[in-house]
Every structure is written in C-alpha cells, then in structure tokens.
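Shown next, in structure tokens, is the structure this report addresses.
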Amino acid sequence: MDYINLIKTELSLDIKKIRSYKVSFVTDILIFAIVLFSIFITGLDSAFADSYGIDINSGKIIVLIGFIFWQISTTALGWSSANIRGQSVSGTLELKMQSKYSAELLLFIEMLTYLFISFLSFFVIFLIFILSIKADTKDILYILLSYLVAFPALIGMYGLGLLLGGISLIEKEIGSLVFILQSVLIFLSDMIEVRSRLFNIIPFNAGIKIMRQMYLGQSVEASLIVDYLISNAVWIILGVICFRYLLKRVRTSDSFNNY
Numbered sequence: 001m002d003y004i005n006l007i008k009t010e011l012s013l014d015i016k017k018i019r020s021y022k023v024s025f026v027t028d029i030l031i032f033a034i035v036l037f038s039i040f041i042t043g044l045d046s047a048f049a050d051s052y053g054i055d056i057n058s059g060k061i062i063v064l065i066g067f068i069f070w071q072i073s074t075t076a077l078g079w080s081s082a083n084i085r086g087q088s089v090s091g092t093l094e095l096k097m098q099s100k101y102s103a104e105l106l107l108f109i110e111m112l113t114y115l116f117i118s119f120l121s122f123f124v125i126f127l128i129f130i131l132s133i134k135a136d137t138k139d140i141l142y143i144l145l146s147y148l149v150a151f152p153a154l155i156g157m158y159g160l161g162l163l164l165g166g167i168s169l170i171e172k173e174i175g176s177l178v179f180i181l182q183s184v185l186i187f188l189s190d191m192i193e194v195r196s197r198l199f200n201i202i203p204f205n206a207g208i209k210i211m212r213q214m215y216l217g218q219s220v221e222a223s224l225i226v227d228y229l230i231s232n233a234v235w236i237i238l239g240v241i242c243f244r245y246l247l248k249r250v251r252t253s254d255s256f257n258n259y
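Sequence positions in the sequence shown follow my numbering and run 1 to 259.
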C-alpha cells in the first residue's frame, strides 16, 4: 500500500512539473516526431522490407519497433541523468536521501510517471502513423507489445542514467556526452542491422531483435532472451552501485554545499 501511495504522489507531482515546463515537454514531442518521420523519408523502411523480404508497410513496422525501443531508452537515459543533476542543484536529491525509500527507487518512480505521461502525448503521433500506413490489428498489437518488451531495456538504460547522473555530481557538465550517446543509439536501433552478439550489451539491442522476430513469425532465439535479461540486469546493478558510491563520495566531501 505504501508503494501505491508513493506512486500516486509522484504522479501528481510530475503532472504539476510538466505543466510548469510545458514548452520543454512539447519540444521533446516535436523532436521525436521529426526523428520518426525523418527515418521514413530516408527510405529506411524500404531497405528493411527488401532485407526481410516483406512488404513496405511491414518494413515500416519493423523500423517503428526499433524507434520505440530507442525512444524509451534515450528518454530514460536523458531524463535520469539530467534529473539527478537538476535535483542535486535544487537540493531535492539530498531530501530524497533522507527518505525511508532509496533515492534510486524514488527517481525510478518519477521517471516511470514521466514516461507514462509522455506516452499519452506520443499516442497522437503514433495514431497518425498507424492511419497513414493503414495498419491492421496485428500491427497495432505488436506496436503495443513493443512497449512491454522494452521494459527490461528501460531498467537497463535507467541504470546507465544513474551512472552518468552520479558522474554529473562530480564533473557537473556531461550534457554533451549524453547527447552523443543518444545520437549514436539511434543508429544502432534503426539505421543498421546489428548482427554481432557483442552488441547485445547495449540494453535495447537484443530486445529489438526479439520483437522483430516475433513480428515476422520467427522463432525467438533463446540466446537473445538470455542476453537481453542479463545485459539489463548488469546495467541496473552497475548503475546502482556506481551511483551510491559517487553519491557517498559527494556527501563525504560535502560537495552538496558547493552547488
């Protein structure tokens, strides 16, 4: 019951925050819309259709699956790293450290509520997309399923965000690094077909492959499921450990008073 009340409280607070920063929120939506439709202008959907031997509309869904994973992952990465930095400046992070709940849990719930509200707004974009390609029921179901399958990637990318957020407590300015990572990740989600198993260390890479195999009616490789779960488990564990270490280091040096 405590966790349910916690989620309700964070949801209410996040709605108020988004109202206060509605210009930035709308800008984020426009950026994602531009990126999505730019992908199709480049003819990437045709390339995937030829590669998989499927029709052009199915090629668009294949591309959209990758975009969904990228959208969720980069939002989690950017939000968590920037929010840690912002809350350290405002003093909110220090207050979270005094809560009976861990700071990582509170930040994670904040991120989930932000993403939930964001997805409601992105629904309009996807509705336009679905209508434009005349997607059938199967396509819509797999689009929705992509969001569920992407949840482990969300957790893994949150772990990476904790790591970068922890670094920002010491180095202060890491915005450029986060932007570069987000830009590189879109190439690994849609622009190229990453086949090497080594790339499954990227939180969402194996998840994209799993969803695309499911959509194409292929048998999902067991190794992909294992890689997907282990990779994201490693990232969240590594992120929490590094974040706690860096947070402890900042508190020990009394750096919070220097903001």
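Note that the Cβ used here is the ideal one computed from N, Cα and C, for glycine as well.
Just so we're clear, the structure is a prediction, and the values are computed from it rather than from any experiment.
Between the CA atoms of residue j and residue i - distance to the nearest angstrom
| i | j | result |
| --- | --- | --- |
| residue 168 | residue 246 | 9 Å |
| residue 59 | residue 12 | 39 Å |
| residue 136 | residue 152 | 27 Å |
| residue 233 | residue 106 | 19 Å |
| residue 230 | residue 239 | 14 Å |
| residue 132 | residue 181 | 31 Å |
| residue 227 | residue 67 | 20 Å |
| residue 57 | residue 198 | 30 Å |
| residue 119 | residue 50 | 31 Å |
| residue 241 | residue 54 | 44 Å |
| residue 248 | residue 170 | 11 Å |
| residue 98 | residue 75 | 27 Å |
| residue 250 | residue 87 | 14 Å |
| residue 44 | residue 89 | 42 Å |
| residue 146 | residue 30 | 21 Å |
| residue 261 | residue 219 | Since the first residue of the chain shown is 1 and the last is 259, residue 261 is not available in this structure. |
| residue 103 | residue 110 | 11 Å |
| residue 205 | residue 100 | 35 Å |
| residue 48 | residue 64 | 11 Å |
| residue 128 | residue 150 | 22 Å |
| residue 252 | residue 184 | 35 Å |
| residue 46 | residue 71 | 21 Å |
| residue 140 | residue 5 | 32 Å |
Short Cβ contact (7 Å threshold) for residue i with residue j
| i | j | result |
| --- | --- | --- |
| residue 236 | residue 165 | no |
| residue 212 | residue 41 | no |
| residue 210 | residue 224 | yes |
| residue 69 | residue 155 | no |
| residue 157 | residue 73 | yes |
| residue 148 | residue 243 | no |
| residue 125 | residue 33 | yes |
| residue 142 | residue 215 | yes |
| residue 91 | residue 178 | no |
Coil, strand or helix - residue i by DSSP
| i | result |
| --- | --- |
| residue 135 | coil |
| residue 260 | The requested residue 260 does not occur in the structure, where the chain is confined to residues 1 to 259. |
| residue 178 | helix |
| residue 204 | coil |
| residue 98 | coil |
| residue 217 | coil |
| residue 103 | helix |
| residue 233 | helix |
| residue 86 | helix |
| residue 150 | coil |
| residue 156 | helix |
| residue 91 | coil |
| residue 191 | In this predicted model, residue 191 has a pLDDT of only 49, less than 50, meaning its place in the structure is not dependable enough to derive any value. |
Cutoff 7 Å: residue i Cβ touching any chain B Cβ
| i | result |
| --- | --- |
| residue 170 | Note that chain B does not occur in the displayed structure, where there is just one protein chain. |
- Task: Could you tell me whether the segment 68 to 85 touches the segment 109 to 128, where touching means 3 or more Cβ pairs closer than 8 Å?
- Result: yes
- Message: In chain order, what are the residue ranges of uninterrupted alpha helix (DSSP H) at least 4 long that sit wholly in the segment 29 to 83?
- Response: 44 to 52
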